[in-house]
Amino acid sequence: MAHITNTLATVDQLYRRNTLDALPQDLQDTIFYATQCLTQAAGILLRLPQSATAQANVVLARYWLVDSALANEFSDVSAATLFLTAKLGSHPCQPRDICNVYTYLLSPSSPLFQFPSTDPPPNDPSAYYLSEGAYTAFHNRILRLEARIVYSLSFDTHVALPHPLAITYLQALDFLSQPKAKVSQRVVEYLNTALLSPQLLYLTHQPNALAVAAIYSAARDVGAKMPDCAWWEVFDVDREELGFLVVGMRSLEGWVRKQRDEVEGLLGQGMVTRKGVEAEMRKRGLGVGNGGNGAPGPEEEDEEAAMMRKLDERVAMVED
Amino acid sequence: MASKSRWADTEEDAALEAKIKREKEEKKRLKAEKARKAAEKAQAEEAARQRTLQAQQHEEDLDADRPSKRRKLTPEHDHDPLKPTSQSQGGDSGKLLRFEAGSWGPARSVENYDKLNDIEEGAYGWVARAKEIQTGKVVALKRLKLDDSPSNRVGLPETGLREIQILKDCSHRNIVSLHEVVVNDGASDSRSRKIESIFLVLEFVEHDLKSILEDMSEPFLASEVKTLLRQLGEGVAYLHDNWILHRDLKTSNLLLNNRGQLKIADFGMARYVGDPAPPKLTQLVVTLWYRSPELLLGAKTYGNAVDMWSIGCIFGELLAREPLLQGKNEVDELTQIFELCGIPTDESWPSFRRLPNARSLRVPKGSSAATGSVIRARFPLLTAAGTALLNGLLSLDPDKRPSAREMLRHEYFVQDPKPKHEAMFPTFPSKAGQERRRRRETPNAPGRGQKAAELGSVDFSGIFAGREREEKGGGFTLRML
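Chains as they are written, first to last, in the UniProt record's numbering: chain W, 1 to 320; chain R, 1 to 481.
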């Protein structure tokens, strides 16, 4: 059963995220959406299969229910989850490649998140040159975060994606008597879009429900005639759940449009950064502190501390 | 019946009323919580509350109280929610399968356990017997090796992460169970502290088969071998059914408890595979003595049959009380395999010529009597059915080896003597429970990142020297192109 089920968020986790986090809800949503887009863009540039990138999206969403989004730079978390899921699949990524890709995507030369201007930004290689020192620092942050993320998820990195199930269901439904490629693509588009949704659909619903909702929406889009009965029950989804997911999946596009218009300065000028969010919070007169949990930890152990730790380990080993 | 959709409906919905009544208590509790929340966060944004409630609703799978919340969730922009069909009372008509789902949260600290004694310390980690302080439960703690040297900056070992994932997904009586994963104390205190050690909390099993075989004065009875082999087969069948290749089956990775239960352990080499198997699987898997000929000949795509070969080796080891094929290196291992199982021919293994290391393999063109299998002669006490099974498991051609399920249906397990009941299994003094274990002299599983051995230009035409005296054969040499 593990291949088609996921662990789901608890009420408590969602409650804490939505009400106790110092970060206002709309900013949380914007950060979530932007970071998931960044992961997707990096996955494409790294030529990772969508299965690995989508798993990274889900792992990141789960992690942010344990640690506050403000605890680390958003792009670092994105890079670390992608590094982790690529490694666990059969397409490992060199840390070097990940660092290069993220440096490019975060640079002004990247067309990602440059909505207002329709022209692609000028390509300036010096803007995304990664110095050796910057590479080492980035690499260190990825490794530290990787450990932090798997620790926060109690080392459970399993993610079941709805995509294969959706195809199986489509086969069972004879591809809704539509051209296979057309309807399958639409279904997969809905599933991939849902990954970006700040409604955390992948954390609250099992893959079978996501697959059925995507098929329902796709059927409407392509004008396919569906059976007159409650066909979704065949796939163990009830009408309530289906309706909610369909609304959730279809509403994302409108939400993103609204975001682009409303939240100026956050989306639209490159990737959202922690600094940008903090500035926005100050502008709104909100405290940046996050219950003692928001201050960034020191990036590196200083040399002396590392030495002391090594000594401690030696002593411990001898004592054992 | 083009009525409005359910989440846009009103409270009058009759079926809903019934449900509300049914789940009145649930609802009351929910409302109390809602009220508390409202007090706590009066100014909470509408959207935030909506989402919490929605998720809560989903989580608790409450059908009651839905309409009002759903109404709020309907987004502002216009698109029709789904149009209901003739069936409008979702949930009332059929039983829907609900999926059990766990949750996630930070790992606990190893400080929850008291170390009792070391069990073993090998190339692949350290294992200790420990007691969970809170419950007094005795467990085995296995530390994952973390290589954090500057030359090896790849983060957490994927083998360790895969082992954890696979064990978490497995639940079978013949597979060692993973209770949880814990980390060194202090990892949770602050973000600056690094995670220095990761421990797998495993079910404690008293013995491993390797030490039992080494220490026992009398070999296992035929009925006992059957019990062990059948349990091994059941565990491996479960793994293969779940798309898991173990890739390091050997007697030291098979544990035995005092109730005669065999448990497969050490999934450091294991991985999920699909059908067809993913390309570019590493050939450097399985401890040398248990490694199948196709792996030794450099096959890049392989499947369940590599585990079946290992089972064959273990079967032989259970009978002989010592490892069956103790090659000193890859070439020697292959030599021993060919000595035992015969030389591959176009009939016995049609596709072996296509394997990377086999292209230049010259085999003697002798009769099959000279180059065939000598398994029958090597195990004279084994019944005909047992020999047939062992021969099948040790087929050179991976396609000819039985699957784990086929193996379990083999006549060998039906014939007398019947497999001994587990409860009747003899017990042994537990080394793991009391004292440090003797160091094993088995070679270790290959390390990741090592280069797969190229068989090189070793000449081993002398393998069949003994037989060649009786009948002329060309001998064979292996050279790299």
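Backbone N, C-alpha and C fix where the C-beta goes; we use that ideal spot for every residue, glycine too.
Worksheet item: Who are the Cβ neighbours of leucine 209 of chain R in its own chain at under 7 Å, not counting the five residues just before and after it?
Response: Thr251, Leu254, Leu256
Item to complete: Measure the alpha-carbon distance for proline 276 of chain R versus lysine 300 of chain R and round it to whole angstroms.
Response: 13 Å
Worksheet item: Would DSSP call arginine 354 of chain R helix, strand or coil?
Response: helix
Discussion item. For the pair the segment 271-282 of chain W and the segment 21-30 of chain W, tell me if three or more CB-CB distances fall below 8 Å.
Written reply: yes
Worksheet item: Do you know how far the Cα of threonine 273 of chain W is from the Cα of lysine 131 of chain R?
Response: 46 Å
Discussion item. Using a Cβ distance threshold of 8 Å, determine whether the segment 157-164 of chain R contacts the segment 266-280 of chain R, with at least three qualifying pairs required.
Written reply: yes
Item to complete: Could you tell me whether any Cβ in chain R is nearer than 8 Å to the Cβ of histidine 158 of chain W?
Response: yes
Discussion item. According to DSSP, simplified to helix, strand and coil, what is valine 225 of chain R?
Written reply: helix
Discussion item. Can you check whether the C-beta of aspartate 275 of chain R is within less than 8 Å of a C-beta belonging to chain W?
Written reply: no
Worksheet item: Which term fits glutamate 411 of chain R, buried or exposed, when burial requires 16 or more other beta carbons within 10 angstroms of its beta carbon?
Response: exposed
Worksheet item: Which of the three DSSP states, helix, strand or coil, is assigned to proline 67 of chain R?
Response: Because the pLDDT of proline 67 of chain R is 41, which lies under 50, any placement of that residue in the model is unreliable, and the number read from its coordinates should be weighed accordingly. In the structure shown, proline 67 of chain R sits in a helix (DSSP, three-state: H, G or I).
Discussion item. Looking only at its chain, what residues have a beta carbon closer than 6 Å to the beta carbon of leucine 48 of chain W, apart from the 5 residues adjacent to it on each side?
Written reply: Ala86, His91
Discussion item. Any C-beta of chain W within less than 8 Å: which residues of the segment 165-185 of chain R qualify?
Written reply: Gln165, Lys168, Asp169, Glu180, Val181, Val183
Worksheet item: Taking Cβ-Cβ distances below 8 Å as the criterion, which residues of the segment 95-108 of chain W are in contact with chain R?
Response: Pro95
Worksheet item: If you drop the 5 nearest sequence neighbours on each side, which residues of the same chain put their C-beta closer than 6 Å to that of valine 66 of chain W?
Response: Ser152
Item to complete: Going by DSSP, name the residue or residues bridged to lysine 115 of chain R.
Response: R:Ala130
Worksheet item: For the 8 Å Cβ check, are there 3 or more pairs between the segment 277-284 of chain R and the segment 220-227 of chain R?
Response: no
Item to complete: Compare the C-beta of arginine 62 of chain W against all C-beta atoms of chain R and say whether one is closer than 8 Å.
Response: yes
Worksheet item: Would you say arginine 62 of chain W and tryptophan 104 of chain R are within 8 Å of each other, going by their C-beta atoms?
Response: yes
Item to complete: Classify phenylalanine 175 of chain W as helix, strand or coil using the three-state DSSP reduction.
Response: helix
Worksheet item: Looking at the unbroken alpha helix (DSSP H) that takes in glutamate 330 of chain R, where does it start and where does it end?
Response: 330-341
Discussion item. Rounding to the nearest angstrom, what Cα-Cα distance links leucine 8 of chain W and glutamate 100 of chain R in this structure?
Written reply: 9 Å
Practice prompt. Would you kindly check if the distance between the Cβ of glycine 248 of chain W and the Cβ of leucine 201 of chain W is under 8 Å?
Written response: yes
Worksheet item: Should lysine 283 of chain W be flagged as near chain R, meaning a C-beta pair shorter than 8 Å?
Response: no
Worksheet item: Which residues in the same chain have their Cβ closer than 6 Å to the Cβ of valine 159 of chain W, if we skip the five residues on either side of it in sequence?
Response: Gln55, Val58
Item to complete: Within its chain, find whatever has a CB closer than 7 Å to the CB of isoleucine 337 of chain R; leave out the 5 residues flanking it on each side and keep chain order.
Response: Pro293, Leu325
Discussion item. Any contact between the segment 132-143 of chain W and the segment 179-188 of chain W? By contact I mean 3 or more CB pairs, one from each, below 8 Å.
Written reply: no
Discussion item. Does the CB of proline 356 of chain R have a neighbour CB from chain W at under 8 Å?
Written reply: no
Worksheet item: With contact counted as at least three CB pairs below 8 Å, one residue from each stretch, are the segment 110-119 of chain R and the segment 161-170 of chain W in contact?
Response: no
Discussion item. By the three-class DSSP mapping on this structure, what secondary structure does isoleucine 375 of chain R have?
Written reply: helix
Item to complete: Using 10 angstroms around the beta-carbon of glutamate 111 of chain R, count the other beta-carbons present and answer buried if the total reaches 16, otherwise exposed.
Response: exposed
Worksheet item: Hey, cysteine 341 of chain R and leucine 297 of chain R: beta-carbon distance below 8 Å or not?
Response: no
Worksheet item: Going by beta carbon distance, what residues of the same chain come within less than 7 Å of arginine 291 of chain R, once the five residues before and after it are set aside?
Response: Glu333
Discussion item. Quick check: aspartate 307 of chain R and histidine 246 of chain R, are their CB atoms within less than 8 Å of each other?
Written reply: yes
Practice prompt. Please report the Cβ distance between asparagine 174 of chain R and isoleucine 264 of chain R, rounded to the nearest whole angstrom; I am assuming they are in contact, meaning their Cβ atoms lie under 8 Å.
Written response: 6 Å
Discussion item. Taking its Cβ as the centre, do 16 or more other Cβ atoms sit within 10 Å of isoleucine 212 of chain R, making it buried, or is it exposed?
Written reply: buried
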